[in-house]
């Protein structure tokens, strides 16, 4: 009789322990107490970030995205919700990035000479000889003075630029990926008209690399975007990670870069002059404005249709209804400037007028409307 | 006069062996195991036609990398069987263990026999656990052979695009067997708890399968995402991490720990019911 009671009690304890275990597992990992770190000035911190030397590390980055942009299949890292990517670098230019999706994975390896892009869903390898892999540089201001080569000077200049429009402060410390970090906060000056409330960057106290990046918008407590390390191992990484051998059976393609023909060049230049992209405003309420030639959207749709046709070996080309698509994601607005479609996300908006004028920025609607009025 | 009778207990090893013998001797067990062996063969043939037909890609997910990569087949088969087939297998053995005996009236004999009820539960659980592990290993074994015949290949191409040599590839398959087995144990432990409460094996199987299906459906609703970390089915999809390289261990630990909690809860409930059962 007694023994039976002992058994029942033990079993009840087991049930409770199991349920408690489920609760513990379901709890999000606690950040832990904020570490004690020596005081550091905001400017000094920004400078040290900008002059930090790259170091070897490997880790996982989690991306929490609440922008309100519709999902993109195959790339969960860009869609709303949580996702992950894994990064390794040897600090000397060799990099490995893996983008895991639900049941596939994309891997990018740069072994110092060649970039390799692997897509498991297609069993396809894209080989990018060096130089081609580099992203094209965007020269926004061709009249900018020659960039001084001294990194400290560059950093100072950047800090000055940032301080012109923002308040920079160090808001305590945090623990990110189990590493102590300073919380650097950039707040727009009260005169700035932006939908962003603040940008928080957690800076590793030792390496001075950003560990977490959060964008907070007006009116909400949860960040619209949060990109941060969930796991970080600093130190030399396994050299095998930075090599890639295309697996047998995979299709290896090497996109050849052909020189654009004179006709294409002229067309692109013409389009660029006509679009006349310009930056209106300063600081946080910068608005990128341009004029898209009325028929270029249609041309684009046409071209995409042609491409698809070519890929499908003469299958029927699909007409893309760009205007219909715009109407679906945005809302119709009109005013003294004309009428158009407004697309709003948590971190900004884009206004596309019916006559082809376009304005976009991290600003509320009325700033866009002002800007689009200035577009000629 | 003969020597006074000494109350001796049957050695545990003999009890465990006899329990396994009981399960194996049932014709339905043999037929069931045979049926499970057919799964990798059928899946392999299906994929072989898909790969043979047109380009190398055999479909979405793991099927995409199976061409020339036969060692992926065991992993593919186990993930194919995990959502429904393997929980059913675990539930059947758990149902036979207590409810089946109860239906035949043989549980009564076991309950009044001079072995503790907890020992009875331990022996029964051991039988279910061992048979689950055996069935899953058997499936993987058949899948390795089938994959080698149909697709060939001595290494294992991971989703990350790296190729593991034969030894590490076998280690990955063993890890998959272990992870999948632990998940099925979690389901079977809950089935044991139901099995201790009823004398109809069918009720055990129906209730367990209904639970697995309901969990899977609940997992689909985004509005219920606060509930998802408690569902054993939530992490079944993320077990595919075993096919990534380097191996990310976080989701694997988490899923195994979750299944461990289910095992603890299920066996505790079964123990509670058995201890209070009147004969």
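Residue numbers (my numbering), protein chains in the order written: chain A, 1 to 376; chain B, 377 to 655.
From the three backbone atoms N, C-alpha and C, an ideal C-beta is built for every residue, glycine too.
The beta carbon of residue 539 of chain B sits closer than 8 Å to some beta carbon of chain A. In this structure, residue 48 of chain A sits away from residue 200 of chain A, with a CB-CB distance that is not shorter than 8 Å. Judged by beta-carbon spacing, residue 456 of chain B lies beyond the 8 Å limit of residue 426 of chain B, meaning their Cβ atoms are not closer than that value.
In the assembly as shown, residue 401 of chain B is an exposed residue. Its beta-carbon has fewer than 16 other beta-carbons within 10 Å.
For residue 56 of chain A, no beta strand (DSSP E) segment is defined, and its DSSP state is neither H nor E. Between residue 572 of chain B and residue 474 of chain B a beta carbon distance of about 5 Å is seen, short of the 8 Å cut, so the two are scored as contacting.
Taking the beta carbon of residue 536 of chain B as reference, the chain A residues within 8 Å of it are 98, 105, 107, 118 and 120, listed in sequence order. At the C-beta level, residue 45 of chain A and residue 184 of chain A come within 8 Å of one another.
When the alpha-carbon of residue 452 of chain B is set against those of B:462, B:470 and B:437, the nearest one is in B:437. Only 441, 443, 444 and 445 from the region 441-452 of chain B bring a Cβ to less than 8 Å from some Cβ of chain A. Listed along chain A are 8, 11 and 12, each with a C-beta nearer than 7 Å to that of residue 648 of chain B. Here residue 161 of chain A is not near residue 251 of chain A, since their CB atoms are 8 Å or more apart. Taking CB atoms only, residue 644 of chain B has a neighbour in chain A less than 8 Å away. Taken in chain order, the complete alpha helix (DSSP H) segments of 4 or more residues contained in the region 526-550 of chain B number zero; there are none.
The Cβ atoms of residue 508 of chain B and residue 465 of chain B lie closer than 8 Å to each other. Around the beta carbon of residue 65 of chain A, 16 or more other beta carbons sit within 10 angstroms, so the residue counts as buried. Residues of chain A with a Cβ closer than 8 Å to the Cβ of residue 633 of chain B are, in chain order, 21 and 25. If you ignore the 5 residues before and after residue 562 of chain B, its C-beta comes within less than 7 Å of the C-beta of 608, 635, 638 and 639, all in its own chain and listed in chain order. Sorting A:218, A:362, A:241 and A:61 by C-alpha distance to the C-alpha of residue 230 of chain A places A:61 at the top. Chain-order list of chain A residues neighbouring residue 494 of chain B: 7, by C-beta distance under 7 Å. Looking only at A:275, A:206, A:288 and A:270, the smallest Cα-Cα distance to residue 356 of chain A is reached by A:275.
One thing to note: residue 232 of chain A has its Cβ within 8 Å of the Cβ of residue 57 of chain A. One alpha carbon belongs to residue 41 of chain A, the other to residue 154 of chain A, and they sit about 18 Å apart.
Bounds of the alpha helix (DSSP H) holding residue 424 of chain B are 403-428. Using a Cβ-Cβ cut-off of 8 Å, residue 208 of chain A does not count as an interface residue toward chain B, since no Cβ of chain B sits closer than that to its own. DSSP places residue 469 of chain B in the helix class (H, G or I) of the three-state scheme. In this structure, residue 564 of chain B lies away from residue 409 of chain B, with their beta-carbon atoms at least 8 Å apart. Secondary structure at residue 597 of chain B: coil, using DSSP grouped into helix, strand and coil. The alpha-carbon of residue 645 of chain B is positioned some 23 Å away from that of residue 555 of chain B. As computed with DSSP, residue 280 of chain A is found in a beta bridge with A:287.
From the listed residues A:127, A:130 and A:104, the smallest Cα separation to residue 119 of chain A is found for A:104. Residue 20 of chain A and residue 570 of chain B have their C-alpha atoms roughly 21 Å apart. For residue 102 of chain A, the neighbours in chain B by C-beta distance under 7 Å run, in chain order, 613. The beta-carbon of residue 637 of chain B is placed less than 8 Å from the nearest beta-carbon of chain A. None of the residues of the region 268-279 of chain A has a beta carbon lying less than 8 Å from any beta carbon of chain B.
With respect to chain A, the C-beta atom of residue 620 of chain B has a partner C-beta closer than 8 Å.
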